[in-house]
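To keep things clear, I will list the structure first and then write my remarks on it.
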Amino acid sequence: MTASRASQLNLIGALFLVLGLISIFNLAILRNIGDQLKANSEMTANLTSLEGTKPESSDQFDSMANSMLMGMFIVSITFTLVCFLTGVCLLKRISYRTCLVGAAVTCIIFPVGTVLGAWAIFVLTARDTKSLFEDMASDSRTETVTET
Numbered sequence: 000m001t002a003s004r005a006s007q008l009n010l011i012g013a014l015f016l017v018l019g020l021i022s023i024f025n026l027a028i029l030r031n032i033g034d035q036l037k038a039n040s041e042m043t044a045n046l047t048s049l050e051g052t053k054p055e056s057s058d059q060f061d062s063m064a065n066s067m068l069m070g071m072f073i074v075s076i077t078f079t080l081v082c083f084l085t086g087v088c089l090l091k092r093i094s095y096r097t098c099l100v101g102a103a104v105t106c107i108i109f110p111v112g113t114v115l116g117a118w119a120i121f122v123l124t125a126r127d128t129k130s131l132f133e134d135m136a137s138d139s140r141t142e143t144v145t146e147t
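If you use numbering that gives the first Met the number 0, the sequence shown corresponds to residues 0 to 147, in order.
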């Protein structure tokens, strides 16, 4: 049973890395969303006054749109880092808690993140899974002691 859990963890870790790679492409999509948002707002809104000058409200709208896009950019970068960290920790069996937290955070992104995060939590909370992390930690400690 431990061998099948180890292979499941390897598969889940690889899928987390793939999800992290896919989420990098969100950054390019966010740039296009920002450009499209600005173009749509300029086309549909009357951004000039009767005198032909630009009112202050359009500047406020631009700053609000930029703030929204910056927030989406930060969330996307954070999600990418969480996916990569969780994937590496699962593959190397480094930190059990980090893997659990990463799986829980990934559940926020619907539908792929939810399915992958739920599957990771299901596998990580099985009785024999935690021993895989402890065995890997004890193996690395004995290697360090024998090298010195």
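In this text, a Cβ means the ideal position worked out from N, Cα and C, and glycines have one as well. Just so you know, these numbers come straight off a predicted model, no measurement behind them.
#1: For Asp127, which of helix, strand or coil comes out of DSSP?
#2: Could you give the distance in angstroms between the alpha-carbon of Leu80 and the alpha-carbon of Arg30?
#3: Just verifying my parser: in three-state terms, what is the DSSP assignment at Arg92?
#4: Consult DSSP for Ile11 and reduce its assignment to one of helix, strand or coil.
#5: Taking only the alpha-carbon atoms, compute the straight-line gap between Phe83 and Trp118 and give it to the nearest angstrom.
#6: For Phe109, which three-state DSSP category applies?
#7: Quick one, are the C-beta atoms of Leu90 and Gly12 less than 7 Å apart?
#8: How big is the Cα-Cα spacing for Met71 and Asn39?
Result, derived from the coordinates:
#1: Three-state DSSP puts Asp127 in coil, outside helix and strand.
#2: Spanning the two alpha carbons is a distance of roughly 19 Å.
#3: Coil, per DSSP.
#4: The answer is helix: DSSP assigns Ile11 an H, G or I state.
#5: Spanning the alpha carbons of Phe83 and Trp118 requires a straight line of approximately 17 Å.
#6: Coil.
#7: Yes, the Cβ-Cβ distance between Leu90 and Gly12 is below 7 Å.
#8: Looking at the two C-alpha atoms, the distance is approximately 19 Å.
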